[in-house]
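This note's numbering applies: residue 799 is where the sequence shown begins, and numbers increase by one. Encoded as structure tokens, the structure appears first; notes follow it.
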Amino acid sequence: MENYKLFLVTLSSAGLVAVLAIIFVLRWVLHFQNGLAWDGRQAEFNWHPVLNICGFIILQGLAIIVYRLPWSWKYSKLTMKFIHASLNLVAFVSAVVATVAVFDFHNTSKIPNMYSLHSWVGLGAVILYGLQLVLGVGLYLIPFSPISWRAAFMPVHVYCGLFLFTSVIAVALMGITEKLIFGLSNPKYKDSPPEAVFVNILGLFLVIFGALILWIATRSSWKRPSEHSLHSNEGGEDSIKVGPTLSQLSEEAEGEGFGEIRRRNNKLDEQVN
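Right, dumping it as structure tokens:
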């Protein structure tokens, strides 16, 4: 990997900011708000920011850069696909539960639903993320999907992933501001009480985290090498030792036809990841 030290600094910074964001959102709901519960009241609403930040943003960010982690290159591309899909699935479930929590709170408290830009864009992001997940699994984890479909959808898949990630962060910033404006009364948000300053810092952490993840994801010099490159380096002094991959085992178990389809499909994925 080129600029390996810079990669480690960027990755470590992203990890540190992610931990700080988790600490800040938990501190916000446990100290400034009414804690966490599932009772239809404010404590249930608090699951909304916690799950969206910890799951929908941070786990989604990790899923985006999982192919860039050099210590994961010893694993087969198929294994990394399952890890990528699993992280996205957990992020999606977190977003769905967070959405249910806020609807349940609004209904219990007789507050109208879907009246703000935050709610419009937020629900749209959840729906599109679910669609992205279904299409990604259907095209890249099922080996018999047509090659032409994979090739055509790959640029769209990558673009939509980065677009949704940035959109979710923007939605979170809108939600944070909306909550502070409506929730703070004495003193008001405009007077910069301690809670407002504290949560604004949380918003800055989210922006920084997003910027670092996008930087890692868009550096071509930090891409995962192709399976062929990894195996061709075996036996050298500085080579990466790679054992039998999951895709190779699949070939032995399922026959040459299945393996040939999988090999052709992986070539397309290596062009991006």
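Note that beta-carbon positions come from the ideal geometry of N, C-alpha and C, so glycine has one too.
Exercise. For F890, which residues of its own chain have a beta-carbon under 7 Å away from its beta-carbon, when the five flanking residues on both sides are left out?
Worked result: On the sequence shown, position 92 is the one that residue 890 refers to. Hits under 7 Å: Y927, G928 and L931.
For this session: May I ask you to report which of helix, strand or coil DSSP gives S990?
Result: Translated into the one-based positions of the sequence shown, residue 990 becomes position 192. Note: S990 maps to coil in three-state DSSP.
Problem set entry | Nearest residue (CA-CA) to H882, options G859, L921, T897 and H904 | Taking the first residue of the sequence shown as position 1, residue 882 is located at position 84. The shortest Cα separation from H882 among G859, L921, T897 and H904 belongs to G859.
Exercise. Where W836 and A899 are concerned, what is the direct C-alpha to C-alpha distance, given to the nearest angstrom?
Worked result: Position 38 of the sequence shown, counted from the first residue, corresponds to residue 836. Position 101 of the sequence shown, counted from the first residue, corresponds to residue 899. Rounded to the nearest whole angstrom, the CA to CA distance from W836 to A899 is 8 Å.
Exercise. Exposed or buried, what is F790 when buried is set at 16 or more other beta-carbons lying within 10 Å of its beta-carbon?
Worked result: The chain is shown only over 799 to 1071; residue 790 falls outside these bounds and no answer can be derived.
Exercise. Can you find at least 3 beta carbon pairs, one from the stretch 993-1003 and one from the stretch 868-875, that sit closer than 8 Å?
Worked result: Too few Cβ pairs lie closer than 8 Å, so no.
For this session: Scan the stretch 878-965 and note each continuous alpha helix (DSSP H) run of 4 residues or more that stays entirely inside, going in chain order.
Result: 915-938
Exercise. Using CA coordinates, which residue listed in L849, K803, L887 and A950 is at the minimum distance from A819?
Worked result: As a working mapping, residue 819 is identified with position 21 in the sequence shown. When only C-alpha atoms are compared, the closest one is L849.
For this session: Might you give, ordered along the chain, the residues of its own chain that have their beta carbon closer than 7 Å to the beta carbon of V864, omitting 5 neighbours on each side?
Result: Along the sequence shown, read from residue 1 onward, the residue named residue 864 stands at position 66. S870, M878, I881, H882 and L885, listed in sequence order.
Exercise. Pairing CB atoms from the stretch 1005-1020 with CB atoms from the stretch 951-965, are three or more of them under 8 Å?
Worked result: Yes, they touch.
Problem set entry | Residues bridged to S983 (per DSSP) | Along the sequence shown, one-based indexing puts residue 983 at 185. Per DSSP, K986.
For this session: Report the rounded CA-to-CA distance for M972 versus R866, giving the unit in angstroms.
Result: On the sequence shown, residue 972 is found 174 positions in, with the first residue counted as 1. On the sequence shown, residue 866 is found 68 positions in, with the first residue counted as 1. When rounded, the distance between both Cα atoms is 30 Å.
Exercise. Between the C-alpha atoms of A841 and G833, what's the straight-line distance to the nearest angstrom?
Worked result: Taking the first residue of the sequence shown as 1, we reach residue 841 at position 43. Taking the first residue of the sequence shown as 1, we reach residue 833 at position 35. Taking the straight line from one Cα to the other gives about 5 Å.
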